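Residue numbers (the working numbering): 10 to 867. Here is the structure we will look at.
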Amino acid sequence: MGTWEWEAIERAPRRTSPNGDGADGAASASRSTNGADSARPSPAAAASTRRAKVRPPRPAPARRKDPGAGARGERALTGRLAELRLKAGTAPASAPPGGSPTALRERPGDARVNGRGRVKLAPASRTTTKGGGGGGEPPRRKLRGRRGPRKPSRTGTRLRWIRIGLVLCGLACLAGMSTVFGMMMAVASELPALDNQAEFRAAQNSVLMAGDRQVAKLTGNKNRILVREGEVSPMIENAVIAIEDRRFFEHEGIDARGIVRALWADLRRGEAVQGASTITQQFVKNALVAQDERTIFQKLREAALAYHLERQWSKRKVLTQYLNTVYFGNGAYGIESAVRTYFGKSRGGVTRNERASAVVEPHEAALLAGVIASPYGYDPIEDPKTARERRNVVLARMRDQKMITAAQYDESIDEAVPAEGDIDPPKPDSEVPYFSDWVTQQLVDRYGAGKVFGGGLEVQTTLDPELQRRAEEAISGRLPEQGPSSSLVAIENKTGAVKAMVGGENFQSQPFNVATNGHRQPGSALKPFTLVTALEQGVSPDRTFASQKKTLKIPDGPDFEVNNYKDEYAGITNLRDATAKSDNSVYAELGLDIGTENIARTAKRMGIRTPISTNAAMTLGGLEQGVTPLEMASAYSTIANRGTRRSGTLAASDMGPVAIQSVKDGDSPRRRNRRREMRAFSRETGEQTRELLRGVLVSGTGVAADPGNGEFAAGKTGTTENYGDAWFVGFNNRYTIAVWVGYPDKTRYMRTEFEGEPVAGGTYPAQIWRDFVLSADRLEQERNPQPEPTLPAPEVETAETDETGDGIASEGVESDASEEEEPYDPSPYDESSDTPATSEDESFETDEYSDSESSSGY
Numbered sequence: 010m011g012t013w014e015w016e017a018i019e020r021a022p023r024r025t026s027p028n029g030d031g032a033d034g035a036a037s038a039s040r041s042t043n044g045a046d047s048a049r050p051s052p053a054a055a056a057s058t059r060r061a062k063v064r065p066p067r068p069a070p071a072r073r074k075d076p077g078a079g080a081r082g083e084r085a086l087t088g089r090l091a092e093l094r095l096k097a098g099t100a101p102a103s104a105p106p107g108g109s110p111t112a113l114r115e116r117p118g119d120a121r122v123n124g125r126g127r128v129k130l131a132p133a134s135r136t137t138t139k140g141g142g143g144g145g146e147p148p149r150r151k152l153r154g155r156r157g158p159r160k161p162s163r164t165g166t167r168l169r170w171i172r173i174g175l176v177l178c179g180l181a182c183l184a185g186m187s188t189v190f191g192m193m194m195a196v197a198s199e200l201p202a203l204d205n206q207a208e209f210r211a212a213q214n215s216v217l218m219a220g221d222r223q224v225a226k227l228t229g230n231k232n233r234i235l236v237r238e239g240e241v242s243p244m245i246e247n248a249v250i251a252i253e254d255r256r257f258f259e260h261e262g263i264d265a266r267g268i269v270r271a272l273w274a275d276l277r278r279g280e281a282v283q284g285a286s287t288i289t290q291q292f293v294k295n296a297l298v299a300q301d302e303r304t305i306f307q308k309l310r311e312a313a314l315a316y317h318l319e320r321q322w323s324k325r326k327v328l329t330q331y332l333n334t335v336y337f338g339n340g341a342y343g344i345e346s347a348v349r350t351y352f353g354k355s356r357g358g359v360t361r362n363e364r365a366s367a368v369v370e371p372h373e374a375a376l377l378a379g380v381i382a383s384p385y386g387y388d389p390i391e392d393p394k395t396a397r398e399r400r401n402v403v404l405a406r407m408r409d410q411k412m413i414t415a416a417q418y419d420e421s422i423d424e425a426v427p428a429e430g431d432i433d434p435p436k437p438d439s440e441v442p443y444f445s446d447w448v449t450q451q452l453v454d455r456y457g458a459g460k461v462f463g464g465g466l467e468v469q470t471t472l473d474p475e476l477q478r479r480a481e482e483a484i485s486g487r488l489p490e491q492g493p494s495s496s497l498v499a500i501e502n503k504t505g506a507v508k509a510m511v512g513g514e515n516f517q518s519q520p521f522n523v524a525t526n527g528h529r530q531p532g533s534a535l536k537p538f539t540l541v542t543a544l545e546q547g548v549s550p551d552r553t554f555a556s557q558k559k560t561l562k563i564p565d566g567p568d569f570e571v572n573n574y575k576d577e578y579a580g581i582t583n584l585r586d587a588t589a590k591s592d593n594s595v596y597a598e599l600g601l602d603i604g605t606e607n608i609a610r611t612a613k614r615m616g617i618r619t620p621i622s623t624n625a626a627m628t629l630g631g632l633e634q635g636v637t638p639l640e641m642a643s644a645y646s647t648i649a650n651r652g653t654r655r656s657g658t659l660a661a662s663d664m665g666p667v668a669i670q671s672v673k674d675g676d677s678p679r680r681r682n683r684r685r686e687m688r689a690f691s692r693e694t695g696e697q698t699r700e701l702l703r704g705v706l707v708s709g710t711g712v713a714a715d716p717g718n719g720e721f722a723a724g725k726t727g728t729t730e731n732y733g734d735a736w737f738v739g740f741n742n743r744y745t746i747a748v749w750v751g752y753p754d755k756t757r758y759m760r761t762e763f764e765g766e767p768v769a770g771g772t773y774p775a776q777i778w779r780d781f782v783l784s785a786d787r788l789e790q791e792r793n794p795q796p797e798p799t800l801p802a803p804e805v806e807t808a809e810t811d812e813t814g815d816g817i818a819s820e821g822v823e824s825d826a827s828e829e830e831e832p833y834d835p836s837p838y839d840e841s842s843d844t845p846a847t848s849e850d851e852s853f854e855t856d857e858y859s860d861s862e863s864s865s866g867y
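What follows is the structure, encoded as structure tokens:
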């Protein structure tokens, strides 16, 4: 018997009868001493027991049973009780020391052991003796064993954790509110008492550098005319409020409802689709505290400044000064400059003392308000269709908010957006306006217009001024004055840096940058994406096809008829020759076989950001939207790098081409670009693609592009239907160059511009490409002159050695790799993701940018 059981017995209380006898004594007196009656009580006691209302014992909670524990405990306890009674003289004579458990349990008031090994007492008679005669025995309190520890219920545990979670959430909210409150109190002392005129006069110009040469100056003072309260048309103010901050006159600098609405919209879409910054916050960002790193603490600081600013300034003043700090694209900084740029010509000219922004039509105000969110994305020059759609969205918001009537809305949506000839951008202070305009927009997106045009930034760009000059000469040396224009982009293979960019013929008359925004049809220049996809799927370059006129069946669509250029066919040919000759019939069949969706995914991995259509015509370069020269140069550089796509941390877009090398902001440390890389396709595929595209220059459609200087060069021609666009995109071991030739007007074709013949990819584009490559090669030799060749040493007879490792002895081995080529072990191939395969810690970083071949540059 366990110790706990004996303790239970010893601590059990004993009730006494009125005469002072103990319970056991009363029980003993009421029993007969003979053997027959010793096992049952007297009749009077039994009757009294039946009349007594004895409460049954409470059932014990279910527990796991030990099959032998109850029996062992019962036998041990029974024997011990019998011994105790013998010593006390209360046990019946017939009960042995190890007496019967049944007999003991039948005695009222005796302790017993239940099936779980717990001690209990049998019910006792409640009859009492009168005058001490012992007619019965008093009831005894039931003895219960100790219970084990109760298990906590699941509900209790859950409630306890809920309470803990609520407490922690409350503490976190309290800490957050304290942080925000403390920040708002701290920035109150930082808020300057702005005098806009003095602030803007004291602004420092930002500069763009190329090497040690300044190529552009970015200033808001030269082209900007400040307006005061009351000088801006209410139509402009209403348009800006309608699209940027419809609760502008209701909140106090921070729109809590707008934040909740934007958060809900983002959660539903699973991405950031709606902003919540108020006009006041945007002004603070533009004019006061614009930082390149948009952390949560900086956003909180902006919000705190916006709150304090509205307590000092009127709403009208905030709105007016906001319009003075907005960049509207095309060199227009501030609302007055924007109205003059986009609509000044239609007004017949405005003097500097007049305010063109004082009287504005609804469709004009809506266009300018819509441009604010993305000056390049909604530029009416670069994308008139998108600009018009955005303008109409603003007009609809104005109508819904009762800012214009339904009649004004109906009249305004039919108005045309300003054409390129109607726009008069300010003359840029730049030697390379197309390139500097592209870089300026990147800086505005990163730092804010106030910092860019008045913050004194020193921006080191990737441009090579001498290479830029030679690119312009290569174009002007081939194209006639009265003819098509051209665009050229040169990217350094090992860094992804843009070294030269020609966006058009004349920025002042044609500010549209074809290089970065001219989405034109690529024609056969898109075929390398089909080639890479096929090689990745295991298609052999020696696989044969039938080169002939074909009608290909398209599931769930019309048949696709394919013809070759000039209806010339090769009969049975392989993929190698079909690539060199740009065989349409072969590539259309191949493209449909491997899947147009796969081709589009390959193009995206290689650097094409514009969505690629997946219809049958895309196999021959027939796209719905087109591509830009910058995209094509970036994508082809992936082939030049044998499947490795190279970019930098300061690129214009994720894994895109790099234009900014470093940025110095006042006394802050110079922020430098670091190289990033990702694997777009396997190295083996890259080697095969380079070899096949080399054949285009050797014996194919691009022989006019072959430099003939003994260096490696490869590329692909591209010509669209009706000769509206002509391309040559190619690379050597140093640069990848994309050349486009055509008219800015997409409806104008080049059927006779090449010596009376049509302009194809193998004509002007190939010639311009060749001239630029040779000129760049001469520039490299001038910068890094090679030592004079020395006379060969006298021949010495030596033993032949097996230097190739193929078991054949030879005196010397000539490497296939160019000496210009940088040895590089590419990162692992990851075809399931369009993110860099190298982590941020593994990205390359250098302190100084260098054009030398030995430096990584980024």
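A virtual CB, placed ideally from N, CA and C, is assigned to each residue, including glycine. Note that the structure is predicted; figures quoted are calculated from it, not measured.
Sheet register partners of residue i (DSSP bridge)
i       : result
Ala-723 : Phe-740
Glu-501 : Tyr-744
Gly-657 : Arg-684
Glu-570 : Thr-560
Arg-222 : Ala-219
Tyr-342 : Tyr-336
Val-672 : Val-468 and Arg-680
Asn-583 : Thr-553
Gln-213 : Gly-464
Cα-Cα separation between residue i and residue j, rounded to whole angstroms
i       : j       : result
Pro-389 : Ser-286 : 25 Å
Gly-547 : Gly-604 : 14 Å
Ala-181 : Ile-173 : 12 Å
Pro-716 : Ala-722 : 8 Å
Asn-214 : Val-441 : 17 Å
Val-667 : Asn-793 : 24 Å
Val-236 : Ala-374 : 16 Å
Thr-136 : Trp-170 : Unreliable placement is indicated for Thr-136, whose pLDDT of 42 sits below 50; no coordinate value is reported for it.
Glu-240 : Ser-662 : 38 Å
Tyr-316 : Ile-288 : 11 Å
Pro-638 : Lys-575 : 26 Å
Val-224 : Ser-439 : 6 Å
Phe-538 : Asn-515 : 33 Å
Leu-584 : Gly-566 : 27 Å
Phe-521 : Glu-391 : 6 Å
Glu-829 : Tyr-336 : Legend: pLDDT at Glu-829 = 34, less than 50; position of this residue unreliable, value from coordinates given subsequently. Their backbone Cα atoms lie some 43 Å apart in a straight line.
Ala-587 : Gly-486 : 32 Å
Ser-556 : Thr-729 : 20 Å
Residue i and residue j closer than 8 Å at C-beta
i       : j       : result
Lys-503 : Thr-471 : no
Trp-778 : Gly-739 : yes
Lys-326 : Glu-238 : yes
Gly-724 : Ser-591 : no
Gly-695 : Gly-727 : no
Trp-736 : Gly-513 : no
Ala-480 : Leu-466 : no
Val-672 : Arg-680 : yes
Gly-343 : Arg-455 : no
Proximal residues to residue i (C-beta, below 6 Å), its chain only, five neighbours per side dropped
i       : result
Val-369 : Ser-242, Met-244 and Ile-245
Gly-459 : Asn-295, Ala-296, Ala-299 and Thr-334
Leu-452 : Val-461
Ile-621 : Ala-609 and Ala-612
Ala-219 : Thr-470, Leu-472 and Pro-474
Gly-765 : none
Close beta carbons around residue i, own chain, < 8 Å, minus the five adjacent residues each side
i       : result
Thr-395 : Gly-386 and Tyr-387
Same chain, Cβ closer than 7 Å to residue i, five either side skipped, listed in chain order
i       : result
Val-403 : Ala-248, Ala-251, Ile-252, Ala-375, Ala-378 and Gly-379
Asn-741 : Glu-720, Phe-721, Ala-722 and Val-782
- prompt: Where in the region 598-627 do unbroken runs of the alpha helix (DSSP H), each at least 4 residues long, occur, reported from the N-terminal end onward?
  reply: Every unbroken stretch of the alpha helix (DSSP H) spanning 4 or more residues and falling wholly within the region 598-627 is given here in chain order: 605-615.
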